[in-house]
Amino acid sequence: MTHPSSRIPHHGFPDPLTRSIAQGYAGGSFLMDNGDGLQWYTVRVRALVPLGDALHIPGSLKKHLSRFETAIDTDFAGVLAGCRDREETWISDELAELYLHLHRTGLAHSFETYQGGRLAGGVLGLVLGGAFIGETMFHSVTHGSKVALVRLSQHLTQRGFAFLDAQIQNPHLARFGTYEVSGKVYRALLKEALGREVSLTP
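Positions 1448 to 1649 (my numbering) are the ones given, in order, by the sequence shown.
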């Protein structure tokens, strides 16, 4: 467990709670509830999803990209519910309520995929300057979350973001070329990203 940094993100937020959470993430920490209550965590290395041409799109996925439509913040609550709908989840009721609050105040966002008008998957994360800090993702339709990740990476590239943070590496993410950086490198990248004047939406 760590304590939030005093570094203040360049983009202000309207209430003390959101500002406090933003400061914690700006210091390189993130929130989870592993059964012992909501706490701040850090990891020794951080996983980053490549942006632009560096992103590896598995050949088996390419044919499915055009089968999904994407949207931003159209159904944040639906993405959050989908991410919690599993046998074990670190998103407690307290954290879920916090995410909803952070969405209302402009810190948390959802990048969604749809198929036939139905929510098919999505990525939930926090935006600080030019950093998209991915918290969790889900799918209700096969490939829904994978396509969301690919399209999010492409969207962030177009919008001038610095990186897409996946926090912790896993075999699923590794298929996309996700790589790890040391805590020192991550903090340097984050510091640069916080100074970018970019936006997730036009």
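Every residue, glycine too, gets a C-beta built ideally from N, C-alpha and C.
Quantities reported herein were computed from a predicted structural model and do not represent experimental measurements.
Pick helix, strand or coil for residue i, following the three-state DSSP scheme.
i, result
"Arg1643", "coil"
"Glu1496", "A quick correction: the sequence has Val, not Glu, at residue 1496. Strand at Val1496."
"Ile1504", "coil"
"Gly1591", "helix"
"Ser1539", "coil"
"Ala1609", "coil"
"Ser1600", "helix"
"Glu1627", "strand"
"Phe1477", "strand"
"Gln1470", "helix"
Using DSSP's beta-bridge definition, name the partner residues of residue i.
i, result
"Glu1516", "Tyr1561"
"Leu1571", "Ser1557, Thr1583"
Quick check on this structure: which residue in the options has the alpha carbon closest to the alpha carbon of residue i?
i, options, result
"Arg1565", "Ser1507, Phe1515, Glu1627, Leu1485", "Phe1515"
"Leu1637", "Pro1649, Ile1580, Tyr1626, Leu1603", "Ile1580"
"Gln1486", "Phe1477, Ala1501, Gly1607, Leu1603", "Phe1477"
"Leu1554", "Gln1562, Leu1571, Ala1567, Phe1608", "Leu1571"
"Tyr1633", "Thr1560, Leu1611, Leu1620", "Leu1611"
"Glu1644", "Gly1475, Ser1507, Val1574", "Val1574"
Measuring only the C-alpha atoms, how far is residue i from residue j?
i, j, result
"Ile1504", "Arg1622", "8 Å"
"Tyr1488", "Ala1543", "17 Å"
"Glu1639", "Ala1473", "11 Å"
"Leu1464", "Val1597", "31 Å"
With the cut-off set at 8 Å, would you say residue i and residue j are in Cβ contact?
i, j, result
"Gln1601", "Ala1494", "no"
"Gly1625", "Thr1560", "Sequence inspection shows Thr at residue 1625; the Gly mentioned does not correspond to that position. No, the Cβ-Cβ distance between Thr1625 and Thr1560 is not below 8 Å."
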